[in-house]
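Residue numbers (the working numbering): 288 to 413.
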């Protein structure tokens, strides 16, 4: 037999592929793989929006909301957390109008009772 025939018998029918061996001490986690192409990022539309604040000032911002205008009733100009002066001005008036004491004072607003009247009644009962 000739040498070429022996080589033909020894060689496999399918070609063999050598697996790439990583020489990194960290293993193969950082080795890039050929991946399928990903879908492109979706197109998110942005619309111009006119924002009108409570004091009447306005500005344009670009947002994903399709509404053309946005009217704000509560913003930094009239919020007590952002503007401490407003909080101090309305404390006295707000205390008379809201809460349990405010409801109580509204309910009994017409009745004029003083502390002396109450003490006089308690003295007469004894």
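Using N, Cα and C, we set each Cβ at its ideal position, and we do this for glycine too. Note that this is a predicted model, so its numbers are computed, not measured.
Comparing alpha-carbon positions, which option in 390, 335, 404 lies nearest residue 348?
-> Start at 1 with the first residue of the chain shown, and residue 348 comes out as number 61. The residue with the shortest Cα to Cα distance from residue 348 is 335.
Element boundaries [alpha helix (DSSP H), containing residue 387] | Counting from one through the chain shown, the residue named residue 387 turns up at place 100. The continuous alpha helix (DSSP H) containing residue 387 extends over residues 386-394.
Residue 337, enclosing beta strand (DSSP E) - first and last residue = Along the chain shown, one-based indexing puts residue 337 at 50. Taken as a continuous stretch (DSSP letters only), the beta strand (DSSP E) holding residue 337 covers 334-339.
Tell me the start and end of each unbroken beta strand (DSSP E) in the region 342-366 that is at least 3 residues and wholly inside, in chain order.
-> For the region 342-366, whole beta strand (DSSP E) runs of length 3 or above, ordered along the chain, are 345-350, 356-358.
Reference residue 330, options 351, 367, 356, 399, closest by Cα = As a first step, residue 330 must be located in the chain shown, where it is residue number 43. The residue from 351, 367, 356, 399 with its alpha-carbon nearest to that of residue 330 is 351.
Are at least three pairs of beta-carbons, each pair with one atom in the region 338-345 and one in the region 353-368, less than 8 Å apart?
-> Judged by pairs of C-beta atoms under 8 Å, the region 338-345 touches the region 353-368, as three or more such pairs exist.
Simplified DSSP assignment, three categories, for residue 405 = On the chain shown, position 118 is the one that residue 405 refers to. The answer is helix: DSSP assigns residue 405 an H, G or I state.
With distances taken Cα to Cα, identify the nearest neighbour of residue 345 among 353, 398, 327, 364.
-> Translated into the one-based positions of the chain shown, residue 345 becomes position 58. When only C-alpha atoms are compared, the closest one is 364.
Within the same chain, show all residues whose beta-carbon is closer than 7 Å to that of residue 333, passing over the 5 residues directly before and after it, in chain order.
-> In the chain shown, the residue the question calls residue 333 occupies position 46. Excluding residues within five positions, the ones whose Cβ falls inside 7 Å are 349, 350, 351.
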